[in-house]
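Chains as they are written, first to last, in our numbering: chain A, 6 to 520; chain B, 6 to 520.
Just so you know, even glycine gets a beta-carbon here, dropped at the ideal spot from N, CA and C.
This one's a predicted model, so the numbers in the text were calculated from it and none came from an experiment.
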């Protein structure tokens with residue numbers, strides 16, 4: 006008996022087939038293009054994505070020589086924020102604007118000025134600011150204003166989960182976690198917000214049905230079964246937004262552990278037992294979503310430039326190491342982190358401020374920029390690399406500590422994503438945050454989370470708790486070294502003091518580029 | 006008819022033979038070791054240096070097939086601050102502590118607390134602070150306290166000029182500019198300061214005779230003539246400290262042009278018609294010396310980490326460029342500055358604060374450290390390189406502007422040293438400072454200055470003015486581009502605003518390493 010977790014992201018999709026114990030039986034990966042037709046635009050072509058998704062599912066079934074009839078259920082984890090306008094036949098009438106498509110700045114500003122960020126947060130749990138024009142709400146308005154013909158032809162605006170569910174089983178159903186990212190969902194009432202739809206003058210019929218995650222909605226339709234190699238007996242189950250799906254894949258079913266998903270961006274998420282929507286949470290930039298367990302919630306922070314700073318460093322200042330790693334047939338990041346490990350604790354008083362695209366939570370300042378502070382002639386490449394990893398770890402702690410101030414005790418970090426590969430970095434995170442760091446024994450957390458939801462929807466397990474107990478396993482644990490933790494306590498103290506004066510400096514620098 | 010300019014520095018010496026028009030006829034270079042017997046010590050072995058000097062003079066005579074009898078005069082340019090204790094026969098009894106030998110911190114602090122920096126500046130023109138334990142005064146005290154036997158055996162404490170003159174012609178005579186760097190010379194009265202010597206309990210007989218620069222003092226003695234290949238007919242003339250010698254070599258004989266000597270360190274010096282010893286000058290860290298023209302003075306500022314930041318970058322982050330330059334058979338710095346030239350003006354709002362060893366004049370803060378501020382993912386190596394050159398140019402302008410506030414209008418920059426090789430950097434300095442940048446047509450400014458002094462002492466020219474007129478020529482001139490200058494006006498405005506808040510940040514960072 007198998008479960009299929011489908012993870013559809015911004016630049017590619019994964020189809021992972023698990024047995025009921027959570028072992029990966031087969032998997033496949035497919036890529037598609039993220040288009041930038043204009044500099045500030047960022048779009049997917051829905052037809053291209055759907056074709057790739059079908060091919061990838063087919064490849065995963067084929068690669069593992071899996072009998073499709075044994076795949077009892079499928080569920081999807083999807084990128085948030087992106088949506089597809091479809092006509093009455095379900096055909097896309099426009100491309101899918103993704104999170105970092107920045108065209109709806111003016112529309113976002115309009116909501117900020119006319120509706121108010123406090124009210125918006127109270128209803129949707131999403132922080133509204135014109136510097137983050139990422140949500141479907143203002144983007145649909147942009148279409149209304151700039152592409153009236155497209156808007157007129159649109160029968161429904163679907164997020165990727167609903168779109169895929171429609172393609173898979175004919176039912177464009179979404180779940181609470183994906184709906185949470187539209188900025189139109191009343192997170193308390195669990196329905197599309199009448200107040201927001203009225204203000205936007207959107208007909209509620211434009212938006213899909215919403216269910217909790219992990220609910221069965223139908224079976225694979227014949228045409229899709231044929232094209233994907235799946236069986237029409239396979240159940241389609243509501244999945245969720247990829248961040249809570251990742252958290253679920255990392256075994257998070259109660260408050261305490263925090264998900265730390267370190268890739269290009271670093272996403273930090275913690276489960277909330279109660280819905281918390283204070284102004285302070287909003288001002289810190291945290292978003293509050295429905296979790297992929299009904300009546301539980303997810304507070305979600307981020308550092309927009311985490312692993313990407315390492316990549317930036319690699320591509321600009323470590324060309325020799327790139328070649329050396331190739332010659333040695335090792336991962337260049339392993340080489341770079343092993344260099345960082347040779348620098349002393351504190352990197353000889355060198356600090357990275359990792360705000361290469363502004364700061365995310367909890368300072369949430371889009372104007373600030375990155376810096377290396379404390380440079381001397383004694384610093385070499387090893388020190389700079391260690392300063393990068395330490396700076397990212399200080400920023401992680403900054404988020405974890407801020408989350409705790411909202412009443413959620415954080416006991417451990419569950420790390421997923423590319424950053425979970427470096428033992429040095431993992432130990433550093435433990436030493437800096439003073440918390441145990443656990444690496445789950447999974448390769449694809451979001452797909453695992455989707456498979457857990459599929460298992461629940463299909464009744465394989467009674468609930469997510471039982472499913473996680475059967476499927477989740479730990480691979481490694483990193484415990485804070487008390488001595489290092491004491492030293493980092495002091496360094497982190499300085500790091501925190503840097504922010505305020507530093508952010509003032511940047512008001513001046515920001516003006517230069519806007520003159 | 007030839008003139009010999011001998012330039013004795015911290016790590017090597019140059020012997021340059023000129024004709025009376027200032028053309029280089031022959032030259033040679035010799036290296037010696039800068040010893041660090043303890044981490045904070047920095048010493049030369051006087052015997053080794055003297056042997057190398059003799060060999061280098063011999064090589065310059067031999068290389069150019071110069072008839073030694075035609076060398077009518079010789080003068081020396083020397084490193085400042087360093088001194089040699091000699092016994093009654095003129096033999097060294099200890100090694101020569103150089104500028105950055107930091108052992109006399111406590112003694113320097115003693116003067117600061119018991120004598121006062123204001124009074125010290127008023128008498129000697131030298132800024133006294135325990136963070137700069139660079140002068141002979143506290144170092145001789147260190148010997149008195151820590152090496153009483155050495156102190157007892159010492160008949161005289163000689164700086165390098167006096168020591169070399171003793172070796173060359175038997176007369177340990179120094180000049181006003183070198184004496185200015187001892188922190189024992191009364192710059193107004195032009196004599197060893199009785200008040201300072203009394204306070205230190207030093208016998209005046211321990212210190213040499215002092216004359217103006219450019220005065221004949223004797224002929225090469227037979228033994229030295231034999232060992233160096235010089236003629237006993239060659240006149241020895243008082244030279245000077247290498248910075249004013251360099252300025253003289255760059256043709257500076259009146260107020261207006263400022264010397265910008267860019268090497269590892271960047272030294273900025275301007276001629277003063279009147280002795281200026283205000284508290285503000287001291288607090289900004291400027292030193293005021295006698296110039297190598299009698300009754301004229303020299304205000305002297307510095308950036309301790311100028312070219313050395315480029316070298317740091319080259320050695321840590323440009324290994325590929327190093328190899329590429331080798332393959333292309335070009336200077337790696339030419340490659341690096343050509344890369345910088347491809348980054349846009351302002352380096353995409355990236356700023357370097359070049360305080361890798363604290364800031365020199367005019368902020369004079371030994372606690373501050375370096376930084377790159379304003380980093381984004383869009384910055385690449387070219388931008389970082391441009392930011393380095395721009396940051397160094399802003400800091401140069403900072404010095405030039407500060408010097409002007411003391412009443413000395415600065416009309417142009419005369420650039421010497423390794424930094425004068427890069428046309429891009431020279432144009433940048435013109436654009437940032439808004440002043441014409443002139444490159445003199447000489448390779449070795451300090452040796453040229455010494456040769457000018459030799460020519461005056463030998464009566465070849467009536468005075469330094471006539472000598473400079475005959476010898477000094479311009480090689481190239483860089484005029485500010487008004488458009489770029491206007492842009493840099495804004496960037497420099499931001500750069501200046503960064504200092505204050507940034508220096509506060511560093512109080513916290515500095516405490517980390519001192520705990």
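Option in the options with minimal Cα separation from residue i
i              : options                        : result
residue 259(A) : 417(A), 82(A), 89(A), 491(A)   : 417(A)
residue 88(B)  : 73(B), 246(B), 274(B)          : 246(B)
residue 371(A) : 398(A), 317(A), 310(A)         : 310(A)
residue 297(B) : 325(B), 342(B), 215(B)         : 215(B)
residue 71(A)  : 14(A), 444(A), 7(A), 79(A)     : 7(A)
residue 405(A) : 316(A), 468(A), 437(A)         : 437(A)
residue 288(B) : 158(B), 183(B), 133(B), 155(B) : 133(B)
residue 523(B) : 305(B), 432(B), 455(B), 253(B) : As shown, chain B starts at 6 and ends at 520. That puts residue 523(B) outside it, with no answer to give.
residue 496(B) : 114(B), 379(B), 481(B)         : 379(B)
residue 513(A) : 498(B), 511(B), 516(B), 512(B) : 498(B)
residue 425(B) : 285(B), 255(B), 375(B)         : 255(B)
residue 271(B) : 281(B), 252(B), 283(B), 479(B) : 252(B)
residue 306(A) : 300(A), 210(A), 315(A), 290(A) : 290(A)
residue 154(A) : 98(A), 465(A), 430(A)          : 98(A)
residue 10(A)  : 80(A), 342(A), 31(A)           : 80(A)
residue 459(A) : 431(A), 82(A), 47(A)           : 82(A)
residue 488(A) : 163(A), 433(A), 342(A)         : 433(A)
residue 117(A) : 182(A), 204(A), 467(A)         : 204(A)
residue 479(B) : 14(B), 28(B), 21(B)            : 28(B)
residue 44(B)  : 419(B), 108(B), 484(B)         : 108(B)
residue 96(A)  : 31(A), 177(A), 421(A)          : 177(A)
residue 84(B)  : 485(B), 15(B), 344(B), 442(B)  : 15(B)
Rounded separation between residue i and residue j - CA only
i              : j              : result
residue 520(B) : residue 127(B) : For residue 520(B), the predicted structure reports a pLDDT of 49, less than 50, and the residue's modelled location is therefore unreliable. A value from the coordinates is still provided. Near 36 Å, if we compare the C-alpha coordinates of residue 127(B) and residue 520(B).
residue 312(B) : residue 447(B) : 20 Å
residue 123(A) : residue 508(B) : 37 Å
residue 111(B) : residue 92(B)  : 26 Å
residue 510(A) : residue 503(B) : 6 Å
residue 64(A)  : residue 76(A)  : 14 Å
residue 330(A) : residue 428(A) : 18 Å
residue 467(A) : residue 299(A) : 14 Å
(Q) My parser needs the beta strand (DSSP E) runs of 3 or more residues fully inside the region 69-117 of chain B; what are they? (A) 76-83, 88-91, all fully within the region 69-117 of chain B.
Q) Listed from N- to C-terminal order along the chain, which residues in the region 92-124 of chain A have their beta-carbon within a distance smaller than 9 Å of any beta-carbon of chain B? A) Residues passing the 9 Å Cβ filter: none.
(Q) Measuring CB atoms only, is the region 171-191 of chain B touching the region 137-152 of chain B, in the sense that at least three cross pairs come out at less than 8 Å? (A) In this structure the region 171-191 of chain B lies against the region 137-152 of chain B, because at least three pairs of beta carbons, one per stretch, are closer than 8 Å.
Q) Between the region 222-240 of chain B and the region 158-169 of chain B, do three or more beta carbon pairs fall short of 8 Å? A) At 8 Å Cβ cutoff, the stretches do not touch.
**Q.** Contact residues within the region 369-399 of chain A, judged by C-beta distance below 7 Å to chain B
**A.** Flagged, chain order: 374, 375, 376, 377, 378, 379, 380, 381, 382, 385, 386.
Q: Would you list, in chain order, the members of the region 491-511 of chain B that have their beta-carbon closer than 8 Å to a beta-carbon of chain A?
A: Within the region 491-511 of chain B, the residues whose Cβ lies closer than 8 Å to some Cβ of chain A are 495, 496, 499, 502, 503, 506, 507, 509, 510, 511, listed in chain order.
Q. Is the region 314-332 of chain B in contact with the region 402-410 of chain B, if contact means three or more CB pairs nearer than 8 Å?
A. Too few Cβ pairs lie closer than 8 Å, so no.
Q | Residues within the region 283-316 of chain A neighbouring chain B, beta-carbon criterion of under 9 Å | A | Against chain B - using a Cβ distance shorter than 9 Å - the residues of the region 283-316 of chain A are 310, 313, 314, 316.
Q) Given 8 Å as the limit, is there contact between the region 293-308 of chain B and the region 236-256 of chain B, that is, 3 or more CB pairs closer than that? A) A contact exists between the region 293-308 of chain B and the region 236-256 of chain B.
Q) Taking three-plus beta-carbon pairs below 8 Å as touching, is the region 96-103 of chain B in contact with the region 147-156 of chain B? A) Put simply, the region 96-103 of chain B touches the region 147-156 of chain B. At least three CB pairs are less than 8 Å apart.
Q.
Assess contact between the region 361-379 of chain A and the region 377-386 of chain B, defined as three or more Cβ pairs (one per stretch) separated by less than 8 Å. Is contact present?
A. The region 361-379 of chain A is in contact with the region 377-386 of chain B.
Q.
List, from N- to C-terminal side, the alpha helix (DSSP H) runs of 4 residues or more that fit wholly inside the region 104-191 of chain B.
A. Segments of the alpha helix (DSSP H) lying fully in the region 104-191 of chain B: 110-119, 122-129, 141-151, 153-158, 165-174, 181-185.
Q) Hey, is the region 338-352 of chain A in contact with the region 346-360 of chain B, meaning 3+ C-beta pairs nearer than 8 Å? A) Cβ pair count under 8 Å is below three, so no.
Q) If we count Cβ pairs, one from each stretch, closer than 8 Å, do we get three or more for the region 217-224 of chain A versus the region 44-56 of chain A? A) Contact fails: fewer than three Cβ-Cβ distances are below 8 Å.
Q. Does the region 270-278 of chain A come within contact of the region 466-482 of chain A, defined as at least 3 CB pairs closer than 8 Å?
A. Verdict: no, contact absent.
Q: Taking 8 Å as the threshold, find out whether the region 385-400 of chain A comes into contact with the region 388-405 of chain B through three or more Cβ pairs.
A: The region 385-400 of chain A, when compared against the region 388-405 of chain B, does not touch it at the 8 Å Cβ threshold.
Q.
Restricting to runs no shorter than 4 residues, where is the alpha helix (DSSP H) found entirely within the region 308-358 of chain B?
A. Runs found: 312-322, 324-333, 337-345.
Q. Which runs of the beta strand (DSSP E) fall wholly inside the region 186-269 of chain A and span at least 3 residues, in chain order?
A. For the region 186-269 of chain A, whole beta strand (DSSP E) runs of length 3 or above, ordered along the chain, are 214-216, 221-224, 240-246, 262-267.
Q: Starting from the N-terminal side, write out each stretch of the alpha helix (DSSP H) that is 4 residues or longer and does not extend beyond the region 389-473 of chain A.
A: You should have 428-438, 450-462.
Q) Closer than 9 Å, Cβ to any Cβ of chain B: which residues of the region 329-353 of chain A, in chain order? A) Answer in chain order: 351, 353.
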